[in-house]
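K.L.:
So that we are looking at the same thing, I have put the structure below in structure tokens.
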Amino acid sequence: TAKLLAEVVRGLSFDTELMRERASEGFIHATDLAETIMQEEGATYRQAHRLVGLAVREALAADPGARDVPREILANAAREVLGRPLQLTADRLEALANPEEVVQTRTGTGGAAGAAVEAMLEECSQRALAHQQFCTRERQRIADGEAGLLAQARKRAATNSAQVE
């Protein structure tokens, strides 16, 4: 499986411009926005997701091609759901709408940030090397066992042959 996957990966190419374009579509940052509203505004999970869902629906109603929630629509949704405006700054909201910045916040194990991916690749490389070394040792152990068994069989065969004569 690892060899097959290595061949698949070896042939991959990435259209980073298309990836960047697609990452900006479809309110991809909605979950991050809701999470930020929970963490920085003290909203509950339900309130944050309701607020963001309402804001996205309103943004799409105002502009079916919208890719982001205008600040005023978000503010209105906050007043309706939380009963107060949000304290998030324009810079903070802009950062949440930037897929590249959002990816760099994914620093945990298995995350998409560069450092997290590098750490995972290093760990996988170390595990693959350990597996390869284990397989090499086991193959040698089996070969040594087989050689010892054949030597014993030859010795017994020679002893039995000598006794028959």
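Taking our numbering, the leading residue of the sequence shown gets 7, the next gets one more, and so forth. We treat Cβ as the ideally placed atom computed from N, Cα and C, and that holds for glycine.
Throw me the rounded Cβ distance for the Q93 and E47 pair, which I believe falls under 8 Å.
P.N.:
Q93 to E47, Cβ: 6 Å. Contact.
K.L.:
Measuring only the C-alpha atoms, how far is G120 from E107?
P.N.:
The alpha-carbon atoms of G120 and E107 are separated by roughly 11 Å.
K.L.:
Pick from M44, L39, T50 and Q45: whose alpha carbon is nearest that of V62?
P.N.:
Considering only alpha carbons, the answer is L39.
K.L.:
Taking the continuous alpha helix (DSSP H) assigned at R73, which residues delimit it?
P.N.:
From DSSP, R73 is part of no alpha helix (DSSP H); its letter is neither H nor E.
K.L.:
Under 8 Å, do P91 and A84 count as touching if we go by C-beta distance?
P.N.:
Cβ atoms of P91 and A84: closer than 8 Å.
K.L.:
By the 10 Å Cβ neighbour count, where 16 or more other Cβ atoms means buried, how is V15 classified, buried or exposed?
P.N.:
The residue in question, V15, is exposed, as its Cβ has fewer than 16 Cβ neighbours within 10 Å.
K.L.:
Using CA coordinates, which residue listed in S30, A12, T22 and F20 is at the minimum distance from E100?
P.N.:
Checked all of S30, A12, T22 and F20; the closest Cα to E100 is S30.
K.L.:
Where I79 and A118 are concerned, what is the direct C-alpha to C-alpha distance, given to the nearest angstrom?
P.N.:
Taking the straight line from one Cα to the other gives about 30 Å.
K.L.:
Leaving out five residues on either side along the sequence, give the residues of the same chain with a beta carbon under 6 Å from the beta carbon of F33.
P.N.:
The answer, listed in chain order, is V62.
K.L.:
Taking the alpha carbon of R56 as the reference point, which residue from M25, G89, L24 and E27 has its own alpha carbon closest?
P.N.:
That would be G89, whose Cα lies nearest to the Cα of R56.
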